[in-house]
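Engineer:
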Amino acid sequence: MAKDRSTVFIVDDDRSVRTALARLMRSRKMLAETFASAEEFLDRDPRDAPGCIVLDLKMPGVTGLELQEDLTAAGISLPIVFLTGHGDVPDSVAAMKGGAVDFFEKPVDEDELMDAIKQAVEWDIRAREKRAELIEVQERLNDLTPRESQVFRGVVQGKLNKQIASGLGMSEKTVKVHRARVMQKMQADSLAGLVRIAERIGAPLDAADDSRSEPLPSRHATPATGA
């Protein structure tokens, strides 16, 4: 996800502030879009563009804090850098607790603001990359059959092939076949790699967990028959 595709969304009811910030973004070769209110920002084209929001805290109608809460409730994770013309400690604390990257009083030092914006954009890019990787891994997991899911669980719990075979009522040879398919489908080149994948998707790694338990989620609704 290229950094030069990222957009800084400027939400401020003061036209002069919007103009100055947009000019600053352009001077630093960053894309910027401006909005005169939180409502206007919420009404924008709902494309999922990477970047961050530079958000005025005190605005008529929906305030900056309320917009932050609305975005969180909607599952929109664009990082926020808050600006305010009023030094309000409780509001700044609430903004930071809500996940804001930083909080500045107007007038703001341009270099400090740009440092915070770059940090926010980089955070957003990394977060999006991680989400994309997780979706990809989940798709591989969904391609496992129920039997392969059970073997996968046993392998990442550190069980030997004979222990998995005993728990699932199959031969060691069959376990080896399923294990090889799991490694191939999950694109893991080693046991350690498979364990790291399991950790990323939150698969149970407790060796005390019984391999007879429900298989990991799979799109295959019909249990595999036989061994």
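Taken in order, the sequence shown gives residues 7 to 233; the numbers are from our numbering. Where is the CB? At the ideal position from N, CA and C, for every residue including glycine. In this text, all values refer to a predicted model and were calculated from it rather than measured experimentally.
#1: How should ILE170 be labelled, buried or exposed, when 16 other C-beta atoms within 10 angstroms of its C-beta is the threshold for buried?
#2: Using beta-carbon positions only, say whether LEU77 and LEU84 come within less than 8 angstroms of one another.
#3: THR228: buried (16+ other C-beta within 10 angstroms of its C-beta) or exposed?
#4: To the nearest whole angstrom, what separates the beta carbons of PRO66 and ASP19, a pair I think is in contact under 8 angstroms?
#5: Count the CB pairs spanning the segment 145–153 and the segment 187–196 that are closer than 8 angstroms, and state whether there are at least three.
#6: Would LEU89 be called buried (16 or more neighbouring beta carbons within 10 Å of its own) or exposed?
#7: Bridge partners of ALA80, per DSSP?
#8: Under a three-way DSSP split, which group does GLN190 fall into?
#9: Taking only three categories from DSSP, how would you classify VAL87?
#10: Hey, how far is the Cα of ALA204 from the Cα of ALA198?
#11: Can you confirm whether the segment 117–135 touches the segment 164–180 when touching is taken to mean that 3 or more C-beta pairs between the two stretches lie within less than 8 angstroms?
#12: Can you find the residues in the same chain that come closer than 6 angstroms, C-beta to C-beta, to LEU37, ignoring five residues on each side of it along the sequence?
#13: Are GLU75 and GLY104 close, meaning C-beta to C-beta below 8 angstroms?
#14: Report the partner residues of GLU39 according to the DSSP bridge assignment.
#15: Excluding the 5 residues preceding and the 5 following ALA186 in the sequence, name in chain order all residues of the same chain whose CB lies nearer than 8 angstroms to its CB.
#16: Do GLY5 and GLY175 have their C-beta atoms closer together than 8 angstroms?
Structural biologist: Walking through what the data contain:
#1: buried
#2: Yes, they are a contact pair.
#3: A caution first: THR228 carries a pLDDT of 37, below 50, which makes its placement in the model unreliable, though a value can still be read off. Flag for THR228 reads exposed.
#4: 6 angstroms
#5: yes
#6: It is buried - the Cβ of LEU89 has at least 16 other Cβ atoms within 10 Å.
#7: Its beta-bridge partners do not exist; DSSP assigns none.
#8: DSSP places GLN190 in helix when its eight states are reduced to three.
#9: strand
#10: 10 angstroms
#11: no
#12: THR13
#13: yes
#14: PHE15
#15: none
#16: Beyond the ends of the chain as shown, which are 7 and 233, falls residue 5; an answer cannot be given.
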